[in-house]
Every structure is written in C-alpha cells, then in structure tokens.
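The numbering used here puts the first residue of the sequence shown at 4, with every later residue one more than the last.
Note that beta-carbon positions come from the ideal geometry of N, C-alpha and C, so glycine has one too.
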Amino acid sequence: MEQEAVRTLNRDIVTCTLCRLSLTRINAVPGEGPVPSRLLFIGEAPGRYEDLTGRPFIGRAGAVLEELLSSIGLERSCVFITSIIKCRPPENRIPRKDEIAACAGYLDRQIDLLSPEIIVPMGRLASEQVFSHFGITCGPIGSIHGKVFHTETPRGRIVIIPVYHPAAMTHNPPLKDAVFQDFRNIGTLLERGERSGRNTPGLDKRSILE
Ligand code: URA
Numbered sequence: 004m005e006q007e008a009v010r011t012l013n014r015d016i017v018t019c020t021l022c023r024l025s026l027t028r029i030n031a032v033p034g035e036g037p038v039p040s041r042l043l044f045i046g047e048a049p050g051r052y053e054d055l056t057g058r059p060f061i062g063r064a065g066a067v068l069e070e071l072l073s074s075i076g077l078e079r080s081c082v083f084i085t086s087i088i089k090c091r092p093p094e095n096r097i098p099r100k101d102e103i104a105a106c107a108g109y110l111d112r113q114i115d116l117l118s119p120e121i122i123v124p125m126g127r128l129a130s131e132q133v134f135s136h137f138g139i140t141c142g143p144i145g146s147i148h149g150k151v152f153h154t155e156t157p158r159g160r161i162v163i164i165p166v167y168h169p170a171a172m173t174h175n176p177p178l179k180d181a182v183f184q185d186f187r188n189i190g191t192l193l194e195r196g197e198r199s200g201r202n203t204p205g206l207d208k209r210s211i212l213e
C-alpha cells in the first residue's frame, strides 16, 4: 500500500512544475530506498550526476555518504536517501527559500509514507526543513550536529539526528572528524537499539539490515 502511494508520489515529483527548477532540470530526483524505511537520510539538493540520472547521492557527495554509512556498518540500499528539494539548482547554487517551500509537501509526504524511526537531516538547510516539519526550533548546524532529538508523532516516536552534510568534509577537510563522529553517533543509536516507542522490535543494526 505504501509502495503504491510512493509510486504516485514519485510520479508527482517527476512531473512537478511548481517552481523554476522544473525548467532547467534534466531529471527530478525523488529519492530511493526501502519502503517503509526505518532510517531516512535527507540531503540538500541534487547535483549534476543526480540530475543526469534521477538518482540521489551518486556523485562525489554520494561516495562520501557511502563511506560514512559503511563506517557504521550500513549499506546505502538499507536506508532511504532523498533531499529537501528534488531538482538540481543551476550551477549547484544554494536552493532558494521559495524553491524549498514549493518542494516541502513532497518531503512531508515521504516522511509520512516511509514512517521512519530515525531521520538524519544532512546539513543546515535539511535540518531546518526537518525541524520545521515537526514544529521544533532548529539551532545552528554547528551546535545541533550529532545530537539526538525526539519527537512524538501520531505514528510513534521519531528520533532526529542532524549531521553535517557529507560534502562539508570535502569542502572543509577539518570537518572530517566531526562528520565521522556524527555518523558514529548514529551507529551508537543503532547499537543501543534505541526504542521508537512503537510496538515494533527495537531498532538495531541487525533489524535495519534484515
Ligand atoms: N547532495 C545532496 O544533498 N543531494 C543529492 O542528491 C546529491 C548531493
């Protein structure tokens, strides 16, 4: 049932004309991963290779993300990966407020349909968007990264753990340790089998990988 709803959502995304980015994109990039998904990673915006292929995080940032996931024993196919906006901004410029607002409904629907137990917004803009979705005040990424936030939803408790964007460590090498530490914190959460408060098995690495 969720699969069908996600297919409908993806069709809405790839045919979207709600903002100017639809005029310059080659492909919209809805995201990919298991449905439903216990772990949801949210980046900022597709880049060149994502635009060419319609798949999220397959360029340089994608290679870094895969390395970070692998450092905590996860493969990308085990998690859902998307971005707050689904179309590439020209020259990879920072998404504008109205573009983020136009796309917000798609991320809202993804969060509802995927019903994740852990959401990992990557970078400042994704963190702001996710916190705003749940009505939580978002601090600067430099203060909130790697920390664990809990929110109650009608479908159960969700853990949010914002991290630096994987591209941050290629643009700013001194951040590398912090980015790996952020992911270690996700790993610790999984090791501990952080309970979601739902009547589902504890969220641990094994259950994610099953
Ligand atoms: N960076 C993002 O935030 N999203 C992508 O899909 C690729 C790079």
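With a Cβ-Cβ cutoff of 8 angstroms, do residue i and residue j count as a contact?
i	j	result
L117	F83	yes
F44	M125	yes
A64	A170	yes
K89	A31	yes
I122	I97	no
E5	P39	yes
Q132	A107	yes
Y167	D185	yes
How would you label residue i, buried or exposed, when you count the other beta carbons within 10 angstroms and need 16 or more for buried?
i	result
L26	exposed
P33	buried
E35	buried
P119	buried
G57	buried
T165	The question names Thr, yet the displayed sequence has Pro at residue 165. It counts as buried.
G138	exposed
R14	exposed
H136	buried
R41	buried
L206	Model confidence at L206 stands at a pLDDT of 42, short of 50, so the residue's coordinates are unreliable; what they give is reported in the following sentence. Per the 10 Å Cβ criterion, buried.
So who's on the other strand from residue i, going by DSSP bridges?
i	result
F186	Paired residue(s): none; F186 is not in a bridge.
V159	A quick correction: the sequence has Gly, not Val, at residue 159. Partner(s): T156.
G50	Answer is none; G50 lacks a bridge partner.
L43	F83, I122
V32	Its beta-bridge partners do not exist; DSSP assigns none.
V166	M125
Whole-angstrom Cβ separation of residue i and residue j, contact assumed at under 8 angstroms?
i	j	result
G46	S86	4 angstroms
P49	R91	4 angstroms
L71	E78	About 12 angstroms; that fails the 8 angstroms criterion.
D54	I29	5 angstroms
R127	I144	4 angstroms
Quick check: the segment 4 to 16 against the segment 105 to 114, are at least 3 beta-carbon pairs closer than 8 angstroms? yes
Stretch pair the segment 142 to 150 + the segment 176 to 194: three plus CB contacts closer than 8 angstroms: yes
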